[in-house]
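In UniProt numbering, the protein residues as written are 1 to 272.
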């Protein structure tokens, strides 16, 4: 499938299935991806603007943050050492730092600066090597795993950093969801070339159920279907894209309640 970078450059890329059935990769992957993130609208890497759009985003973000924290408490328990890999501007580690010993890894210097300015107890780092092996109870990647090219290498690093039976919690878009199938090449969560990989539910199960890892539970991110559908309608230049996006986002969630194919899925993965 050929897909444009609707968000920024309008360049065209392809989505090609990898050796792992159900896992797809963007082709070609630019040698330098940094310019593809260089936009004031790439909200996770910027401070609050005070706009109505930003305020609405923050309300929905807080709902998601609370949901994610509850998952941590349910599956790991309070007080555990948590590393948020790709922590962006630090919203998640700021939200959980009263209940967890939280760390954030962020390679982008601008985002890292914002994260450090927001947190009180959390530690923001730029080098994973400062963390001892087998020292982290939970590693979270909230819509980050799909951005990583060298996935085998990074999974090995996560495995080494986690304690025995530690948890890897990965949230990624689902290209076999109803909204993805509806919007096809306009589906905003393809987000090429920033999203290097794309994981169907079956593909993620094949990838992560192996000698080192075991998927314990799969949970939905219910709000994602609405945001992604609205953005997809916008990419299609639809009139009333907000109303249409909300409607089709709801349809996607209703269908997913029967199939499990939600727009975004959270995989709670245990180290063997």
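All C-beta atoms, glycine included, are put in the ideal place defined by N, C-alpha and C.
Asked                                                                                                                    : Found
Run of the alpha helix (DSSP H) containing residue 226, from where it starts to where it stops                           : 224–235
Burial state of residue 177, where buried means 16 or more other Cβ atoms lie within 10 Å                                : buried
Burial state of residue 216, where buried means 16 or more other Cβ atoms lie within 10 Å                                : exposed
Reduced DSSP secondary structure (H/G/I, E/B, other) of residue 144                                                      : coil
DSSP three-state assignment for residue 110, whether helix, strand or coil                                               : helix
Proximal residues to residue 137 (C-beta, below 8 Å), its chain only, five neighbours per side dropped                   : 76, 80, 81, 82, 162, 163, 166 and 167
Through-space distance from residue 258 to residue 85, alpha-carbon basis                                                : 31 Å
Simplified DSSP state of residue 163, which is helix, strand or coil                                                     : strand
For residue 140 and residue 269, the rounded distance between their alpha carbons                                        : 10 Å
Straight-line gap, residue 201 to residue 174 (C-alpha atoms, nearest Å)                                                 : 7 Å
Of the listed residues 17, 22, 38 and 26, nearest to residue 8 (C-alpha basis)                                           : 38
Beta carbon of residue 248 nearer than 8 Å to that of residue 191                                                        : no
Inter-stretch contact (C-beta, 8 Å, three-pair minimum) for the stretch 17–34 and the stretch 196–213                    : yes
For residue 46, the three-state DSSP class (helix, strand or coil)                                                       : At residue 46 the pLDDT is 49, less than 50, meaning the model places this residue with poor confidence; the figure from the coordinates comes in the next sentence. Looking at residue 46 - three-state DSSP - the assignment turns out to be coil, as it is neither helix nor strand.
Nonlocal neighbours in the same chain, by C-beta distance under 7 Å from residue 274, ignoring five residues either side : Absent from the model: residue 274. The displayed extent of the chain is 1 to 272, so no value can be given.
Exposed unless 16 or more other CB atoms sit within 10 angstroms - verdict on residue 130                                : exposed
Cβ shell of residue 6 (< 8 Å), same chain only, five flanking positions each side left out                               : 186, 188 and 235
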